[in-house]
Amino acid sequence: MPGVEISTKRSSYVARELRTSMIEGRTREIFHARAVTSPGASLMLVGLGLALPLYLASAMFLQGGLATFVFLAVLAGVMAVFARALTAHYPHPRLGLCNVVTFFRAALVCFLFGMLFAPGVSGWLVFAIATVAFSLDGIDGWLARRAGLVSVVGARFDMETDAALAAVLSLWLLVSDTTGAEILVLGFTRYAFVLVSYVLPALKGSLLPSWRRKAICVVQIAALILLVCPLTPNAAIPAITLGATALLLWSFAVDTMWLLRQASSHEQGAGRRPSSSGIVRLSPGGRQVMRVVLAAVILHLVLILPHHPGGLAGSTLARFPLELPVLLLLLLALGRSWATLPLRVAVTAALLGLTVFKLADLAMFSALARAFNPLADLALAEAGYRLLIGAIGPVLAVLALLGAIIALGCLGLAVWWATGIWANAAPASPRWQAAVGGAACLAGGLAVADVGDRIERWDLPYNTPGAARSTVMAIDKLQTARATLRDLQAFEAAAASDPFAGTPGLLDLIDRDVIVVFLESYGRTSLDNPLYADLHRPTLAEGQVRLEALGLSTASGILSSPTRGGQSWLAHASFANGVWVNSDTRYRAALASERQTLFHLAANAGFETAAVMPQITLDWPESSRMGFRTVLAADDLGYEGLNFNWVTMPDQFTYAALDRILRQQGRSKKAFIQVATGSSHAPWVPVPTLVPWDRIEDGAIFNDMATAGDTPQAVWRDRDRVRAQYRLAVDYALQAILSYAEKHGDEPPLLVVMGDHQAAGFVAQDDRPDVPIHVIGPAHLVDRTMAWGLSPGLIPPKDAPVIAMDRMRDLFLSAFSSVSPRRQAAK
């Protein structure tokens, strides 16, 4: 019945409300209402909610022990102090997301402090956490203003978190030997100021808000994070430290002088409020001037960012970018008109894009000694990320990537803000806009004149007061893209014309297996740089003596590689295709072309072709275009031992697996094999040692070696240690291949051993792209290679001719074939 139904519903509702009221009443009796609803109690609940993930993070990254204890103890103390302050002085009834964000920032700082007590902490992890903590600064204040929860307690806690972040970063820079003790000035000046205030009570006075103070705080922490970044060159560290420290000390000096004046005068000034930046507070117009200056400084810094490591010096700050007056005058000329929005969007996008290209150039010059090619090098992003994962682990790699994205986002917001400040600073006067527009045209003409002079379109009879380097770089990137497209077309034409295509009788003079070995990062620096030559030359000389005692012949020379510091596949492709493959675009073109590689032609000549690639851990579909009938990647070689960080297995195991799988007794075909080794690949930690060949088995014998020594994170903080590890790794690679040649002294294959490229510039300390080549085998085959320009022995003379690597395919075919292309054509 409807009435009964309504009555039943009403009774259920009343009963439910009564139960709820009783539960709430009992809860208030137990927790006394304020303990549950107060912001301090809410913060404690937030801390308890974060306890488990923070503990797991500490166990993962701090490896437990003292570091975890310090982190959790300091975090508990910070949480208790903040909760007490909120309970006693917070004027709002709820905690708010703003204070949760501030507490999370404080937790990150506590985590960084705990890392000071953990061994082998990655600089990338410190950089990523510090970047996140710094990027969240300002968000908590914005949230507080948006929610109406602004408070002195929240502002004070935010300020103390910034100060603690600076102090912890300076300590980390000190203990990691990145800088000297002078860095403590940048991190502990505020705490020194507080200590001095107990001696001079006048310094305990209140300071009014100051844009100058906020801006320099941003510069201070940004400088510390930049110093923490592993990519920051050592040459730039003194300039960054000195510049940020000078600004910080100046700011504290201004505040100190003002506080002392106030204490001595005991006067406020009639009708005038004191300011923390001088005798009187800045007027609204004065504050606007400060904003305009800061906005111009932001645009200036973005424009002068160098794209080459050589430009990372203090003198760069004094450069005057000619694009700056053009941008500022255009913004003033357009003012608040409809055209300002698209201009600001274009300027922000352009400067952000230029910054990305400059950072890419810095990375490429540091690693590969060349500029970034916007068309050819895009595919390197994935390879670089995989290498980063191998060096520091997937979690740190994700954090580093996240930090980089956040930093770029903050830069974009800063540029957008700066352009808005200048656009809004313009008076609404047509005459003013016309005058400023004319000045913008003049400034633009001067910038165009400088650009034309720098790209050699004309010669200026005078020196301009600055330089439009960013514009020149942008034009260079466009020209590089166009040249890459033209180069690609020329490459395809060259690849289509092959003098050996269809020639019978190739490689008929070879009566045994051929093994082409690329030794990773083995460059000419091993022969000429005393840091490496005093170890590598004796290894080669002793190996030559042992090989000659077995009746083997040797010959050596120098090749010019198409790459430096990385991209081994470009060297492999140049050697195999007989065309110069010096970019990823040309590499893709080589794969797409119908040109036959040395391995295609060897397969046509009756060889069983194979590639042994121990560093290939993913699908490698490109191999189907390279002429290999068998491809042995890491999982195919049977290695059951531990990885050597990014290196999957020692070279000695690779050679043993090659024999076991590809060179069994009773084969009907000769083998033609390419091997790309891995033990001398970065990070060169740890370095294995040779073991008896008959004890290798599944590779478990190498496990103790794989866990020995320091971590890559510890070694790569010091470039001298990196070079020392590279020295040992290349020596092991040489010992392994020489030992393999000795092992087969009775029935030797024809071994062609060469480096793929020089190591990164700071490691090789040699700008040449040259790599050694060694040929080891029976005399009747090795003697044929002398026509290439090689010399007897394993150490080439210093005046050895340099052979371009793309010539090697045709030289090899000509040396070991009874019929040359010309003879075939004559017949």
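Take the sequence shown: its position 315, counted from the start at 1, is 400 in my numbering, and no numbers get skipped.
Glycine residues also receive a C-beta, built at the ideal position from the N, C-alpha and C atoms.
_Simplified DSSP state of residue 831, which is helix, strand or coil_ = Taking the first residue of the sequence shown as 1, we reach residue 831 at position 746. DSSP places residue 831 in coil when its eight states are reduced to three.
_Short Cβ contact (8 Å threshold) for residue 604 with residue 765_ = The count along the sequence shown starts at 1 and reaches residue 604 at position 519. The count along the sequence shown starts at 1 and reaches residue 765 at position 680. In this structure, residue 765 lies closer than 8 Å to residue 604 by Cβ.
*Would the region 727-747 and the region 651-668 be scored as touching if the rule is three or more Cβ pairs under 8 Å?*
no
*asked:* Considering just the uninterrupted stretch of the beta strand (DSSP E) at residue 693, what are its terminal residues?
replied: By one-based count along the sequence shown, residue 693 stands at place 608. First-last of the beta strand (DSSP E) with residue 693: 693-697.
*So residue 759 is in the beta strand (DSSP E); what residue range does that whole segment cover?*
On the sequence shown, residue 759 is found 674 positions in, with the first residue counted as 1. 756-761 is the extent of the beta strand (DSSP E) around residue 759.
*With DSSP as the reference, label residue 638 as helix, strand or coil.*
Looking up residue 638 in the sequence shown gives position 553. Note: residue 638 maps to strand in three-state DSSP.
*Hey, could you find the ends of the alpha helix (DSSP H) residue 216 is sitting in?*
Here residue 216 refers to the residue found at position 131 when the sequence shown is read from its first residue. Segment 208-220, the alpha helix (DSSP H) holding residue 216.
*Assign residue 181 to buried or exposed, taking buried as 16 or more other Cβ atoms, counted over all protein chains shown, within 10 Å of its Cβ.*
Taking the first residue of the sequence shown as position 1, residue 181 is located at position 96. Buried: at least 16 other Cβ atoms inside 10 Å.
_Residue from 151, 141, 193 and 176 with nearest C-alpha to residue 160_ = Taking the sequence shown and counting its residues from 1, one reaches residue 160 at position 75. Nearest of 151, 141, 193 and 176 to residue 160, Cα basis: 193.
*Residue-chain proximity (residue 649, chain D), Cβ-Cβ < 8 Å*: Absent here is chain D; the protein component of the structure consists of one chain.
_Whether residue 414 touches residue 528 by CB criterion (8 Å)_ = Position 329 of the sequence shown, counting from 1, holds the residue named residue 414. Position 443 of the sequence shown, counting from 1, holds the residue named residue 528. The answer is yes: Cβ separation under 8 Å.
*By Cβ distance below 7 Å, which residues in the same chain neighbour residue 997 in space, the five residues on each side in sequence not counted?*
Coverage of the chain is limited to positions 86 through 912, which leaves residue 997 absent and any answer about it impossible.
*Please classify residue 593: does DSSP put it in a helix, a strand, or coil?*
Residue mapping note: residue 593 aligns to position 508 of the sequence shown, counting from 1. Three-state DSSP puts residue 593 in coil, outside helix and strand.
_residue 283 classed as buried or exposed, judged by whether at least 16 other C-beta atoms fall within 10 angstroms_ = Locating residue 283 in the sequence shown gives position 198, counting from the first residue. Looking at its Cβ environment, which holds fewer than 16 other Cβ atoms inside 10 Å, residue 283 is exposed.
*For residue 808, collect the residues of the same chain with a Cβ closer than 6 Å to its Cβ; drop the 5 residues on either side in sequence, then sort them by chain order.*
Taking the sequence shown and counting its residues from 1, the one referred to as residue 808 is at position 723. Once the five neighbours on either side are set aside, the close Cβ partners of residue 808 are 848.
*Starting from residue 867, follow the alpha helix (DSSP H) in both directions and report where the run begins and ends.*
The residue labelled residue 867 in the question sits at position 782 within the sequence shown. Per DSSP, residue 867 belongs to the alpha helix (DSSP H) from 864-867.
*asked:* Going residue by residue through the region 732-803, where are the continuous beta strand (DSSP E) segments of at least 3 residues, counting only ones entirely within it?
replied: 756-761
*Once you ignore the five residues that flank residue 310 on each side, which residues in its own chain have a CB closer than 8 Å to its CB?*
Within the sequence shown, residue 310 is the residue found at index 225, counting from 1. So the list reads 212, 215, 216, 219 and 254, once near-sequence residues are dropped.
*Between the region 241-261 and the region 188-208, are three or more C-beta pairs nearer than 8 Å?*
yes
*Going straight from the alpha carbon of residue 261 to that of residue 795, what length do you get?*
The count along the sequence shown starts at 1 and reaches residue 261 at position 176. The count along the sequence shown starts at 1 and reaches residue 795 at position 710. Each residue's alpha carbon lies about 14 Å from the other.
_Bridge-paired residues (DSSP) for residue 715_ = The residue labelled residue 715 in the question sits at position 630 within the sequence shown. For residue 715, which the question treats as bridged, DSSP gives the partners 695.
*When we look at the beta-carbon of residue 755 and count the other beta-carbons within 10 Å, is it buried (16 or more) or exposed?*
What you label residue 755 is simply residue 670 of the sequence shown in a count that begins at 1. Residue 755 is buried by the Cβ-count criterion.
*Pull up the DSSP beta-bridge partners for residue 877, would you.*
Taking the first residue of the sequence shown as position 1, residue 877 is located at position 792. Bridge partners of residue 877: 640.
_Am I right that residue 624 and residue 850 are in contact with their C-beta atoms under 8 Å? What's the rounded C-beta distance?_
As a position in the sequence shown, residue 624 is number 539, starting the count at 1. As a position in the sequence shown, residue 850 is number 765, starting the count at 1. Incorrect: roughly 19 Å between the Cβ atoms, too far for contact.
*Looking only at DSSP bridge pairs, what is residue 859 linked to?*
Reading the sequence shown from its first residue, position 774 is the one you call residue 859. The partner list for residue 859 (beta bridge, DSSP) reads 641 and 838.
*Out of curiosity, what's the CA-to-CA distance linking residue 441 and residue 759?*
Along the sequence shown, read from residue 1 onward, the residue named residue 441 stands at position 356. Along the sequence shown, read from residue 1 onward, the residue named residue 759 stands at position 674. Going by the C-alpha atoms only, they are around 37 Å apart.
*Quick one: residues in its chain with C-beta nearer than 6 Å to the C-beta of residue 873, no 5 flanking neighbours on either side, listed in chain order?*
In the sequence shown, residue 873 corresponds to position 788, counting from 1. Hits under 6 Å: 896.
*Bridge partner(s) assigned by DSSP for residue 600*: For the purposes of this step, residue 600 is identified with residue 515 of the sequence shown, where counting begins at 1. Answer by DSSP bridge pairing, in chain order: 758 and 836.
*Count the C-beta pairs between the region 629-641 and the region 784-799 that are closer than 8 Å, then say yes if the count reaches three, no if not.*
no
*Determine the contact status of residue 663 and residue 404, defining contact as a CB-CB distance below 8 Å.*
Reading the sequence shown from its first residue, position 578 is the one you call residue 663. Reading the sequence shown from its first residue, position 319 is the one you call residue 404. No, they are not a contact pair.
*Runs of alpha helix (DSSP H) lying entirely within the region 642-677, each at least 4 residues, in chain order*: 653-662 and 669-677
*Using the C-alpha atoms, what's the distance from residue 774 back to residue 782?*
Against the sequence shown, residue 782 aligns to sequence position 697. Against the sequence shown, residue 774 aligns to sequence position 689. About 16 Å.
*Can you tell me the Cα-Cα spacing of residue 367 and residue 447, whole angstroms?*
Here residue 367 refers to the residue found at position 282 of the sequence shown. Here residue 447 refers to the residue found at position 362 of the sequence shown. Low confidence applies to residue 367: its pLDDT is 44, below 50, so where it sits in the model is not reliable, and the reading given next is rough at best. Cα to Cα, the separation comes out at about 41 Å.
*Chain-order list of residues whose beta-carbon lies under 7 Å from that of residue 395 (same chain, five-residue window excluded)*: Along the sequence shown, read from residue 1 onward, the residue named residue 395 stands at position 310. Result list for residue 395: empty, nothing under 7 Å.
*Cut-off 7 Å between Cβ atoms - residues of its own chain near residue 495, not counting five sequence neighbours on either side*: Position 410 of the sequence shown, counted from the start, is the residue given in the question as residue 495. Contacts found: 220.
*Out of curiosity, what's the CA-to-CA distance linking residue 602 and residue 905?*
Within the sequence shown, the letter at position 517 stands for residue 602. Within the sequence shown, the letter at position 820 stands for residue 905. Going from the Cα of residue 602 to the Cα of residue 905 covers about 25 Å.
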